[in-house]
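For reference, the structure discussed in these notes is given below.
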Amino acid sequence: MRIMSLNAWGGTMHAQLLSYLGNSAPEVLCLQEIIDSPETDRAWLEYRDKDHVLPQQANLFTEIRRALPHHEAYFCPAAQGDLWDGDRPVPSRWGLATFVHRSSAVIGQALGFVHKGYGADGFGAHPRSRNAHAIRLFDHVGERAVVVSHMQGLRDLGGKGDTPERLEQAKRFLALTRQIAVPGDRVVMCGDFNVEPDSATLRLLAEAGMEELVTGRGFEGTRTSSYAKAGKFADYMLVDDAAAVKSFDVIRSPEVSDHCPLIVEL
1 MRIMSLNAWG GTMHAQLLSY LGNSAPEVLC LQEIIDSPET DRAWLEYRDK
51 DHVLPQQANL FTEIRRALPH HEAYFCPAAQ GDLWDGDRPV PSRWGLATFV
101 HRSSAVIGQA LGFVHKGYGA DGFGAHPRSR NAHAIRLFDH VGERAVVVSH
151 MQGLRDLGGK GDTPERLEQA KRFLALTRQI AVPGDRVVMC GDFNVEPDSA
201 TLRLLAEAGM EELVTGRGFE GTRTSSYAKA GKFADYMLVD DAAAVKSFDV
251 IRSPEVSDHC PLIVEL
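Structure (structure tokens):
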């Protein structure tokens with residue numbers, strides 16, 4: 001079973017992203033920063049947060065779902081706020097998406113918030129609402145149940161250092177994962193955690209028996225050349241049993257986002 005985690009960057013690199021996902025098509029795909037704008041047919045809108053301006057694919061979730069016709073698709077919005085079509089605000093939902101190939105049976109799932117609750121009246125001030133999604137599926141090839149959970153961690157304007165809110169989000173993420181895991185299940189936790197490798201978040205998950213693969217396998221970052229800031233770690237993938245990992249990679253090419261895809265094969 002191949003599992004991929006990727007921050008899709010709102011589809012800023014839309015053509016490259018859709019081509020890559022359509023060709024790679026892992027059994028489980030965990031995506032962060034996904035946009036869904038049901039009130040418009042426009043392809044592109046603009047995200048504006050003071051001096052932070054980005055093009056966004058208005059209906060990215062729908063586009064990816066079309067590119068993966070053999071996957072079940074789950075969209076998990078964290079907030080609804082305005083993206084912009086010129087001077088016109090367009091209500092748009094932002095959050096996570098999970099895609100599971102139909103060869104696997106989804107036999108459980110949990111969705112919940114790890115910081116605040118659903119932002120119905122705008123994206124809000126940082127740190128914003130954050131959610132997590134966990135699925136339990138039966139892998140008929142591997143003949144066992146697997147739990148895969150992912151989140152996008154808090155963005156803090158002060159950087160990626162430890163904060164009480166980040167530690168609390170990690171505790172909630174772990175609790176949500178455990179909510180559906182059954183003893184004997186294989187467990188994978190992943191996402192854009194927005195923390196450094198020496199963070200309290202990763203220490204907490206390590207104490208819970210999870211092994212982190214990015215730094216554990218010697219990779220020196222998870223950001224692409226499109227990311228110009230300092231600090232090249234943001235994304236992580238953890239497993240409960242490293243012996244079950246057939247392969248793990250941080251994909252540098254092709255570039256489809258300012259984050260690298262992480263792929264584990266169990």
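Residue numbers in the sequence shown follow full-length UniProt numbering, run continuously in steps of one, and reach 266 at the last position.
Every residue gets a Cβ at the ideal spot worked out from N, C-alpha and C, and that includes glycine.
Which residue's Cα is closest to the Cα of residue i: the options?
i, options, result
"residue 140", "46, 182, 103 and 195", "103"
"residue 145", "182, 160 and 116", "182"
"residue 115", "171, 90, 75 and 203", "171"
"residue 71", "90, 45 and 98", "98"
"residue 80", "129, 51 and 110", "129"
"residue 252", "132, 222, 165 and 201", "222"
According to the neighbour-count rule (16 or more other Cβ atoms, all chains shown, within 10 Å of its Cβ), is residue i buried or exposed?
i, result
"residue 261", "buried"
"residue 14", "buried"
"residue 23", "exposed"
"residue 220", "exposed"
"residue 126", "exposed"
"residue 259", "buried"
Can the beta-carbon of residue i be found closer than 8 Å to that of residue j?
i, j, result
"residue 173", "residue 151", "yes"
"residue 242", "residue 211", "yes"
"residue 83", "residue 107", "no"
"residue 248", "residue 197", "no"
"residue 166", "residue 215", "no"
"residue 27", "residue 8", "no"
"residue 237", "residue 264", "yes"
Consider the Cβ of residue i: report whether some Cβ of chain D lies at a distance smaller than 8 Å.
i, result
"residue 254", "Chain labels in this structure do not include chain D; a single protein chain is all it has."
If residue i sits next to residue j, beta carbons under 8 Å apart, how far is it from one beta carbon to the other, in whole angstroms?
i, j, result
"residue 134", "residue 64", "Not confirmed; about 20 Å, so no contact."
"residue 95", "residue 1", "Their Cβ separation, rounded to whole angstroms, is 24 Å, which puts residue 95 and residue 1 out of contact at 8 Å."
Along the chain, where does the beta strand (DSSP E) that runs through residue i open and close?
i, result
"residue 93", "88-101"
"residue 271", "Residue 271 cannot be examined here, being either before or after the span of the chain that is shown, 1 to 266."
"residue 248", "247-250"
"residue 213", "Neither: residue 213 is in no beta strand (DSSP E) and is coded neither H nor E."
On the DSSP letters alone, give me the boundaries of the alpha helix (DSSP H) that residue i sits inside.
i, result
"residue 164", "164-180"
"residue 125", "Neither: residue 125 is in no alpha helix (DSSP H) and is coded neither H nor E."
"residue 19", "14-24"
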